[in-house]
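K.L.:
Have a look at this one before I ask anything.
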Amino acid sequence: MLSGCTATADAPGRSGTTGPVEASATPDPALGAACAEFWGDPDYTDPLSRVVLDRAATAADVGPSDPSFYALTGDDIEAAFAQAPAVARTSAGVLADWFRTEPEQGAEADRAGFRAAWEGVAGTCQDVSAAAGWVVAPGADGTKPATLVCADVFDTPGTLTRFGNANVLTSNMFKLVGLEPRQVPADRTEDLQATADLLAAEIAAVDDGAVRAALEPVRAPFQQALDGDTWSEGLRGPLTELAAACDAAGYSSPETGEIIDGADIGATAARPGDTDHGGQA
1073 MLSGCTATAD APGRSGTTGP VEASATPDPA LGAACAEFWG DPDYTDPLSR VVLDRAATAA
1133 DVGPSDPSFY ALTGDDIEAA FAQAPAVART SAGVLADWFR TEPEQGAEAD RAGFRAAWEG
1193 VAGTCQDVSA AAGWVVAPGA DGTKPATLVC ADVFDTPGTL TRFGNANVLT SNMFKLVGLE
1253 PRQVPADRTE DLQATADLLA AEIAAVDDGA VRAALEPVRA PFQQALDGDT WSEGLRGPLT
1313 ELAAACDAAG YSSPETGEII DGADIGATAA RPGDTDHGGQ A
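Spelled out as structure tokens, the structure:
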């Protein structure tokens, strides 16, 4: 009898309850398909959500000159959820309408409204999509899929992060600590802290030990700069190791050349006091 009560109390979704646990409803296949298309589970290769973030970030600059382009994003969102249950279609419609009305406002576009609509779509998908679930709220440490963590680092626009732009995290990191050795900018403390915090959260969350270990050296130059050592050895080596760990975990990471294409190469500089500049421009 005691074991029966314990099993009931510990059942997922019924913590602290007593009595028989009802069988959980089978997720709607149409909802699962729509959410997978939007969020990209489980491999996160070119999901629609990434396009949505990119275009929301560029709307301030480009929206007024080409609102019809952004309206097409709204069409794509509704098409992805066309066969989903009504509640999902409704939340997708709110996000789609943002792209039909706000980009033409340019810098005055309602970014808070975008975030709310984005989180609304996540809320309807959280039971069938790991990516959506992590948008709604962080999960337990060690439970975030490595493929999702790798996508967050290498390929997801920073629209809703501290940076608020369409650049992926690696590109934003290069502006701070470089791909190659460089002096860390003295006036970017808040960006350094935000990046260190973001990487710390990913390190705690990821479910793969090798990816976790590879993220530590990526975070190191940010923490070192915050601690007073403002010379960075650059991220070329750490990101190469992270890409290898992500590949092993099942995520198709960018090639080294693709990472370099996004780097702030011009920021490379010699360590103060060095006389050998290696032919730098």
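According to our numbering, the sequence shown is numbered sequentially starting from 1073.
Just so it is clear, CB atoms sit at the ideal spot from N, CA and C, and this is done for glycine as well.
What are the residues that DSSP puts in a beta bridge with Pro1229?
P.N.:
Bridge partners of Pro1229: Val1240.
K.L.:
Expressed to the nearest angstrom, what Euclidean distance is found between the alpha-carbon atoms of Leu1241 and Ala1272?
P.N.:
Using only the alpha carbons, I get a separation of about 14 Å.
K.L.:
Roughly how many angstroms separate the alpha carbons of Ala1285 and Val1221, rounded to a whole number?
P.N.:
Distance between the alpha carbons of Ala1285 and Val1221 is about 13 Å.
K.L.:
Our contact map puts Leu1298 next to Leu1264 with C-beta atoms below 8 Å; I'd like the distance itself, whole angstroms only.
P.N.:
With 8 Å as the limit, Leu1298 and Leu1264 qualify as a contact, their Cβ atoms being about 6 Å apart.
K.L.:
Which residue wins for smallest C-alpha separation from Leu1103, given the options Ser1163, Phe1141, Thr1173 and Gly1306?
P.N.:
Of Ser1163, Phe1141, Thr1173 and Gly1306, the residue nearest in Cα terms is Ser1163.
K.L.:
How close, in whole Å, do the beta carbons of Ala1316 and Phe1294 come, if the pair is a contact with beta carbons under 8 Å?
P.N.:
So it is not a contact: roughly 21 Å between Cβ atoms.
K.L.:
Could you tell me the boundaries of the alpha helix (DSSP H) in which Tyr1142 lies?
P.N.:
Counting along the chain, the alpha helix (DSSP H) containing Tyr1142 begins and ends at Pro1139 to Ala1152.
K.L.:
Assuming contact is defined by CB atoms lying nearer than 8 Å, are Ser1304 and Gly1250 in contact in what I supplied?
P.N.:
Cβ distance < 8 Å, so Ser1304 and Gly1250 count as in contact.
K.L.:
Which residues in the same chain as Lys1216 place their Cβ atom closer than 7 Å to its Cβ, once the five residues preceding and following it in sequence are excluded?
P.N.:
Contacts found: Trp1206, Ala1277, Val1278 and Asp1279.
K.L.:
Please determine if the region 1114-1130 and the region 1154-1161 are in contact, where contact requires at least 3 C-beta pairs separated by less than 8 Å.
P.N.:
The region 1114-1130, when compared against the region 1154-1161, does not touch it at the 8 Å Cβ threshold.
K.L.:
Please name the residue, chosen from Ser1201, Ala1168 and Glu1288, that lies closest to Pro1310 on a Cα-to-Cα basis.
P.N.:
Checked all of Ser1201, Ala1168 and Glu1288; the closest Cα to Pro1310 is Glu1288.
K.L.:
Rounded to the nearest angstrom, how far is the Cβ of Leu1248 from that of Arg1234, given a contact under 8 Å?
P.N.:
Their Cβ separation, rounded to whole angstroms, is 11 Å, which puts Leu1248 and Arg1234 out of contact at 8 Å.
K.L.:
Classify Arg1254 as helix, strand or coil using the three-state DSSP reduction.
P.N.:
If DSSP states are grouped into helix, strand and coil, Arg1254 belongs with the strands.
K.L.:
Give me, in chain order, the residues of the same chain whose beta-carbon lies closer than 6 Å to that of Ile1275; leave out the 5 immediate sequence neighbours on both sides.
P.N.:
Cβ within range, chain order: Arg1284 and Leu1287.
K.L.:
From Tyr1142 to Val1166, what distance separates their C-alpha atoms?
P.N.:
C-alpha separation (whole angstroms): 14 Å.
K.L.:
Take Thr1228 and list the residues in its own chain whose beta-carbon comes closer than 8 Å to its own, dropping the five residues that flank it on each side.
P.N.:
Same-chain partners within the cutoff: Arg1122, Leu1125, Val1240 and Leu1241.
K.L.:
Please determine, among Asn1244, Pro1114, Leu1307 and Gly1211, the residue with the shortest C-alpha to C-alpha distance to Arg1254.
P.N.:
With distances taken between Cα atoms, Arg1254 lies closest to Leu1307.
K.L.:
Quick one: what's got a C-beta closer than 8 Å to Glu1150's C-beta in the same chain, skipping five residues either side?
P.N.:
The answer, listed in chain order, is Arg1161, Ala1164, Gly1165 and Ala1168.
K.L.:
For a test of the three-state rule: what should DSSP assign to Val1278, helix, strand or coil?
P.N.:
Note: Val1278 maps to strand in three-state DSSP.
K.L.:
State buried or exposed for Leu1144, treating a residue as buried only when at least 16 other CB atoms are found within 10 Å of its CB.
P.N.:
So Leu1144 counts as exposed.
K.L.:
From this set, Glu1180, Ala1202, Val1225 and Ser1324, which residue's C-alpha is nearest Ala1108's C-alpha?
P.N.:
The candidate whose alpha carbon is nearest that of Ala1108 is Ala1202.
K.L.:
Residue range of the alpha helix (DSSP H) that Ala1129 falls in?
P.N.:
From DSSP, the alpha helix (DSSP H) with Ala1129 extends over Leu1120 to Val1134.
K.L.:
Here's the rule: buried if 16 or more other CB atoms are within 10 angstroms of the residue's CB, otherwise exposed. What is Gly1146?
P.N.:
Under this definition Gly1146 is a buried residue.
K.L.:
Quick one: residues in its chain with C-beta nearer than 7 Å to the C-beta of Ala1106, no 5 flanking neighbours on either side, listed in chain order?
P.N.:
Hits under 7 Å: Ala1152, Phe1153, Gln1155, Ala1156 and Ala1160.
K.L.:
If I follow the unbroken alpha helix (DSSP H) through Thr1302, where does it start and stop?
P.N.:
Premise fails: Thr1302 is in no alpha helix (DSSP H) and is neither H nor E.
K.L.:
Could you pull out every residue in the same chain whose Cβ sits closer than 7 Å to the Cβ of Val1290, ignoring the five residues on either side in sequence?
P.N.:
Closer than 7 Å at the Cβ level, and outside the excluded window around Val1290, lie Leu1271, Leu1307, Pro1310, Leu1311 and Leu1314.
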